[in-house]
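Note sheet for the following structure.
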Amino acid sequence: MPVLVYSLLRVVLFLAVTGVLWWAGMRSWVAPVLAAVIAFALSYVLLRRQRDAAALHLAARAERRRGAAGQAAGAGADEDAEDAEVERSAVQDHRGA
Numbered sequence: 015m016p017v018l019v020y021s022l023l024r025v026v027l028f029l030a031v032t033g034v035l036w037w038a039g040m041r042s043w044v045a046p047v048l049a050a051v052i053a054f055a056l057s058y059v060l061l062r063r064q065r066d067a068a069a070l071h072l073a074a075r076a077e078r079r080r081g082a083a084g085q086a087a088g089a090g091a092d093e094d095a096e097d098a099e100v101e102r103s104a105v106q107d108h109r110g111a
């Protein structure tokens, strides 16, 4: 949810800056380009809390995924170890016979 809030606030900021530039008389393709640059700078300064919350949310989500993948990989490693033990015992039985 924090990522959605941050993204929506950035879009609103861009639209507000574009509207101000349009109202001020800049009615060409330059207005949205300049608005994007200004909105980027303003969002960096004004939306720090929202950006940090979004970053923490994404980091926690990545950590959960990494943990889930680690558990799945751990199960695969366990199976590989069991297979290696079975093969090792089969080789020893074959040599002993």
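The sequence shown begins at 15 in my numbering and counts up one residue at a time. Built from N, CA and C at the ideal position, the CB exists for glycine as well. Bear in mind the structure is a predicted one, so any value in this text is a computation, not a measurement.
- Here DSSP, grouped into helix, strand and coil, assigns R80 to helix.
- A direct Cα-Cα distance of roughly 36 Å separates L60 from A83.
- Annotation for A45: T32, L35, W36 place their beta carbon closer than 8 Å to its own, counting only its chain and skipping 5 residues before and after.
- S103 sits in a helix when the DSSP states are folded into three classes.
- One alpha carbon belongs to A74, the other to D94, and they sit about 30 Å apart.
- In this structure S57 is buried. Its beta-carbon is surrounded by 16 or more other beta-carbon atoms within 10 angstroms.
- A residue is called buried once 16 or more other Cβ atoms fall within 10 Å of its Cβ, and A98, having fewer, is exposed.
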